[in-house]
Amino acid sequence: MNQFIAIGRTTKDIEIKRTQNNKEYAMFQLAVTRPHSIQKDTDFIPCQVWNKQANLLQQYCHKGSQIGLTGILQSYKDKDNKIQWMVRVYSCEFLQTNNNLKKDTYLKNHKKK
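Each residue of the sequence shown is one higher than the last, beginning at 63 in our numbering.
As structure tokens, this is what we get:
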């Protein structure tokens, strides 16, 4: 079974690209902290999302947004003919967008004492 599930934060704003057949997709990296890591090591996982999900990610996620995603690990050969890995995303859940983060931070810093 090939299934990938992770929760992490986007490392930059999502940019939509188009194939020659006019299909929309986005490539992005998900920063995921390793569980049980003493030094809080982080992995940067390359991800690819297509069509409507790519548009939704671009619309609602920005650098630092926390998302949960499900997909599969997929290999491909890069321009130097080296095998690379990425996650092909099939579903995504918005856990915390930048707007929510700013609101939460504001409320935390300005709550009545």
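Virtual Cβ for every residue (Gly too), placed ideally from N, Cα, C. Source: prediction; values computed, not measured.
Quiz item: Out of curiosity, what's the CA-to-CA distance linking Ile145 and Ile100?
Solution: Roughly 31 Å separates the two Cα atoms.
Quiz item: Roughly how many whole angstroms lie between the Cα atoms of Gln128 and Lys139?
Solution: Going by C-alpha positions, Gln128 is about 29 Å away from Lys139.
Quiz item: How long is the line joining the alpha carbons of Trp112 and Ile134, rounded to whole angstroms?
Solution: Taking the straight line joining both Cα atoms gives about 13 Å.
Self-check item: Check whether Gln121 and Val151 have beta carbons under 8 Å apart
Solution: With a cutoff of 8 Å on beta-carbon distance, Gln121 and Val151 are scored as not near each other.
Self-check item: Given Phe106 as reference, the closest of Gly130, Val94 and Thr132 once Cα atoms are compared
Solution: Of the listed residues, the one whose Cα sits closest to Phe106 is Val94.
Self-check item: Local Cβ density within 10 Å of Leu157, reported as buried at 16 or more and exposed below that
Solution: With fewer than 16 other Cβ atoms from the protein chains shown falling within 10 Å of its own Cβ, Leu157 counts as exposed.
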